[in-house]
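Undergrad: Once you know that position 52 of the sequence shown is 52 in UniProt numbering, the rest is easy, because the numbers rise by one and skip nothing.
Positions of the beta carbon are idealized from the N, C-alpha and C atoms, including for glycine.
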Amino acid sequence: MTFIRFDKQAIAARSIIWLEGDWNYTRIYQQDKPTKMSAYTLKWYQEQLADFIRVRKDAIVNPQHIRAVLSTPSQPRRLRLLLSNGDEVEVARRRQVFVKRRLQDGQYEKGPLHAAN
Numbered sequence: 001m002t003f004i005r006f007d008k009q010a011i012a013a014r015s016i017i018w019l020e021g022d023w024n025y026t027r028i029y030q031q032d033k034p035t036k037m038s039a040y041t042l043k044w045y046q047e048q049l050a051d052f053i054r055v056r057k058d059a060i061v062n063p064q065h066i067r068a069v070l071s072t073p074s075q076p077r078r079l080r081l082l083l084s085n086g087d088e089v090e091v092a093r094r095r096q097v098f099v100k101r102r103l104q105d106g107q108y109e110k111g112p113l114h115a116a117n
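1) Which whole-angstrom value describes the C-beta separation of arginine 54 and arginine 95, a residue pair presumed to lie in contact below a C-beta threshold of 8 Å?
2) Is it the case that the Cβ atoms of histidine 65 and serine 38 are separated by a distance below 7 Å?
3) Alpha carbon to alpha carbon, how far is tyrosine 25 from threonine 41?
4) If valine 91 and valine 99 are in contact, beta carbons under 8 Å, what's the gap, nearest whole angstrom?
5) I'd like to confirm the pairing. Which residues does DSSP put opposite glycine 21 in its beta bridges?
6) My output table needs one value for phenylalanine 98: the three-state DSSP class, helix, strand or coil.
7) Using CA coordinates, which residue listed in Ser71, Gly86 and Pro76 is at the minimum distance from glutamine 30?
8) Of the residues Ala10, Asp32 and Lys8, which one's Cα is nearest the Cα of isoleucine 17?
9) How many angstroms separate the CA atom of aspartate 105 from the CA atom of arginine 67?
10) What is the DSSP secondary structure of proline 34, counted as helix, strand or coil?
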């Protein structure tokens with residue numbers, strides 16, 4: 001099991017749903033816990049959490065918390081990930097192929113993953 005440090009505490013990687021970069025700070029979204037703000041950069045977290053997927057320059061998601069890949073008929077090229085906490089994170093256009101491959105490789109034991117409209 002992987003842990004990361006936060007304010008003299010250890011956070012289990014599996015409890016992290018996603019991380020959002022905000023300049024030199026990172027917001028950590030966890031299951032059933034309030035959002036935390038960390039003074040480490042998103043790049044630092046990406047190095048620590050190798051299984052997580054960088055979906056855009058300011059967001060990394062835990063693939064185990066992805067519940068669906070969403071697109072709309074009016075904007076079929078715009079992909080969003082529905083996460084276990086109900087958040088939707090948009091995937092950058094240039095990262096869409098990479099994200100789809102990572103999810104389809106079956107590297108992850110995760111909840112039901114399906115394409116939804």
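TA: Reading from the atomic positions:
1) With 8 Å as the limit, arginine 54 and arginine 95 qualify as a contact, their Cβ atoms being about 7 Å apart.
2) Not closer than 7 Å, so no.
3) The straight-line gap separating the alpha-carbon atoms of tyrosine 25 and threonine 41 is approximately 5 Å.
4) Yes, valine 91 and valine 99 are in contact; Cβ-Cβ is about 5 Å, under 8 Å.
5) According to DSSP, which records beta bridges pairwise, glycine 21 is partnered with Thr26.
6) Per DSSP, reduced to three states, the secondary structure at phenylalanine 98 is helical.
7) Here the closest residue by C-alpha is Gly86.
8) Of Ala10, Asp32 and Lys8, the residue nearest in Cα terms is Asp32.
9) Computed Cα separation, rounded: 16 Å.
10) Three-state DSSP puts proline 34 in coil, outside helix and strand.
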